[in-house]
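All the letters of the sequence shown, read from the start, carry residue numbers 332 to 722 under the working numbering. Beta carbons: idealized from backbone N, C-alpha and C, even for Gly. Structure, as structure tokens:
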Amino acid sequence: MTSLPQPSTDALAQSARLRALVEADIDAAGGWISFARYMERVLYAPGLGYYSGGARKFGPGGDFITAPELTPLFGQALAVQVEQVMRASAPQLIEVGAGTGLLATDLLLELERRGCLPDAYGILELSGELRARQLETLAQKAPHLAARVRWLDALPAQFSGAVVANEVLDVMPVHLLVSRADGLLERGVSLAEDGAGGRRLCWADVPAEGVVRDAARALDLPAPAGGEYVTELNLAGRAWVSAWAERLERGAMLLIDYGYPRAEYYLPSRSNGTLLCYYRHHAHGDPFLWPGLNDITAFVDFTAVAEAAFDAGLDVHGYTTQAQFLFNCGVLECLARRGPQESADYIRAARAVQRLTAPQEMGELFKVLAVGRGIDAALLGFVRGDRLHGL
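The following block contains the structure:
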């Protein structure tokens with residue numbers, strides 16, 4: 332990892348405090364914790380985790396760039412689908428994990444332009460630092476609309492309207508599965524001597540048990556004759572969608588993330604899984620490096636998410652690529668409003684749209700899944716190119 336930028340002294344000190352917390356968890360659990368527990372700690376431990384601490388995460392100065400950071404055209408196109416959902420249910424909108432607040436700003440401004448402002452815009456956000464940035468962004472870019480925004484600490488007891496979750500499922504804690512010729516194991520985290528009188532975090536495998544074993548068996552994972560097949564199981568994502576199903580009275584959830592249907596997710600050739608870490612725009616594969624300073628993600632099994640929604644009583648309205656969804660929602664019409672095609676602003680915006688929609692960029696890798704209740708009309712984002720049959 333010598334190619335990675337080095338953290339500051341303060342950042343390393345914060346990471347050390349979080350590492351001590353993880354070590355205490357491992358000791359209290361008898362020497363082993365699941366990777367899901369580790370991932371939960373390093374991403375969400377109050378005041379120390381990656382998403383609950385104070386480190387800058389989004390944009391050029393952070394660790395990665397999301398679609399709203401590229402261009403407001405993403406939010407403008409998404410607003411077309413949000414409007415349809417709200418008109419069919421209720422004028423309420425909740426965004427889960429709102430990043431810097433740019434998507435909230437773009438959605439509100441476009442919904443205002445379209446004459447369909449929500450009565451309230453809820454933001455479900457765990458990070459105090461991100462809440463402050465979201466408020467600052469709204470105050471700068473849409474001050475007349477900022478009063479409509481409310482921050483939520485938990486899922487509402489009941490809700491009707493639209494729910495937007497852009498790159499949320501990929502950062503939910505996952506269990507790691509190991510399939511070998513001699514059986515099914517769960518890969519977790521333990522401690523070993525580091526050779527200098529201290530301890531280091533290390534991988535440790537145990538027989539898969541309970542709900543993890545049962546869910547893994549249902550996947551029918553490849554069992555190589557030699558070596559091992561490693562992959563992820565996102566039980567938290569399934570539970571989260573089920574929890575929303577208990578609360579959603581009428582409306583739809585728009586889930587946008589990178590991932591695959593199950594038939595592609597668990598291909599024999601994908602034997603090392605999809606787990607990745609991000610630090611200062613560098614991707615790497617060591618989740619034990621500087622706990623709390625790296626984002627840790629896993630691709631989404633959209634079949635599992637759709638099944639969880641359906642089993643909990645929701646309708647599955649559509650599933651398609653981000654590119655097809657944005658085209659269906661009129662992203663090119665939004666681009667045309669930017670002015671003359673020879674202008675510098677139009678050219679920059681066109682390049683951003685290409686990045687959002689090109690197959691070799693975000694267009695094919697990112698998918699959009701819509702689930703809901705009480706929506707009778709076909710959703711606009713899926714009128715062409717719907718891939719529900721592929722789930």
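- Just so you know, the alpha carbons of Leu710 and Arg348 end up roughly 47 Å apart.
- Here Val537 has Trp363, Leu516, Glu517, Gly519 as same chain residues with Cβ atoms under 8 Å from its own Cβ, once five neighbours each way along the sequence are excluded.
- DSSP places Glu371 within a helical segment (H, G or I) once states are collapsed to three.
- Arg601 and Ala477 have their C-alpha atoms some 45 Å from each other.
- Taking every protein chain shown into account, the CB of Pro403 has 16 or more other CB atoms within 10 angstroms, so this residue is buried.
- Cβ neighbours of Val416 within its own chain (closer than 8 Å, five residues either side excluded): Gly492, Ala493, Gly582, Ala583, Leu585, Gly703, Ile706, Leu710.
- Scanning its chain for C-beta atoms nearer than 6 Å, with the 5 sequence neighbours on each side dropped, one finds around Asn625 the residues Cys608, Tyr610, in chain order.
- Counting the other Cβ atoms within 10 Å of the Cβ of Gln337 gives fewer than 16, which makes it exposed.
- If you look at Cys608, you'll find it in the beta strand (DSSP E) that goes 607-610.
- For Phe697 and Ala527, the gap between their C-alpha atoms comes out near 44 Å.
- Straight-line spacing of the CA atoms in Ala614 and Phe633 works out to 23 Å.
- In this chain, the alpha helix (DSSP H) harbouring Phe658 covers 653-659.
- Counting C-beta pairs with one atom in each stretch, the region 496-516 and the region 465-473 have fewer than three that are closer than 8 Å, which means they do not touch.
- Taking C-beta separations shorter than 8 Å and ignoring five residues to either side along the sequence, the partners of Glu524 in its chain run Arg530, Arg531, following chain order.
- Per DSSP, the beta bridge partners of Ile587 are Asn497, Val699.
- Shown here for Tyr369: same chain residues with a beta carbon closer than 7 Å to its own, the five before and five after excluded, namely Val353, Val520 in chain order.
- A contact is defined here as three or more CB-CB pairs under 8 Å, and the region 590-605 fails this definition with respect to the region 664-676.
- In this structure, DSSP gives Trp482 an extended state, which the three-state scheme calls strand.
- Listed as beta-bridge partners of Pro538 by DSSP are Leu516.
- For Arg669, there is no enclosing alpha helix (DSSP H), as DSSP marks it with neither H nor E.
- Counting along the chain, the unbroken alpha helix (DSSP H) around Val411 starts and ends at 404-419.
- Under the 10 Å beta carbon count, Pro618 is surrounded by 16 or more other beta carbons and is classified as buried.
- Assigned with DSSP and collapsed to three states, Arg530 falls in strand.
- If the five residues before and after Ala435 are omitted, its C-beta is found closer than 7 Å to the C-beta atoms of Glu426, Ala429, Tyr452, Ile454, Gln465, Leu469, Val480, all from its own chain and listed in chain order.
- Around the beta carbon of Thr340, a 10 Å sphere encloses fewer than 16 other beta carbons of the protein chains shown; the residue is thus reported as exposed.
- Three or more Cβ pairs drawn from the region 505-513 and the region 533-553 lie within less than 8 Å of each other, which places the two stretches in contact.
- Rounded to whole angstroms, the gap between the alpha carbons of Gly649 and Asp358 is 45 Å.
- In this structure, the beta-carbon distance from Thr652 to Glu595 does not fall below 8 Å.
- Here the alpha carbon of Ala344 sits roughly 47 Å from the alpha carbon of Cys447.
- Note that the C-beta distance between Ala512 and Pro553 is not below 8 Å.
- Beyond the five residues adjoining it in sequence on each side, Ala408 comes within less than 7 Å, by CB distance, of Leu657, Cys660, Gly661, Val662, Cys665 in the same chain, given in chain order.
- Between Gly712 and Gln423, the C-beta spacing is not below 8 Å.
- Taking 8 Å as the cut-off, the beta carbon of Ala637 is found no closer than this to the beta carbon of Leu598.
- For Ile678, the uninterrupted alpha helix (DSSP H) segment begins and ends at 675-688.
- Boundaries for Val427: no alpha helix (DSSP H) harbours it, while the beta strand (DSSP E) harbouring it runs 423-427, taken from the DSSP string.
- DSSP places Thr397 outside any alpha helix (DSSP H), giving it a letter other than H or E.
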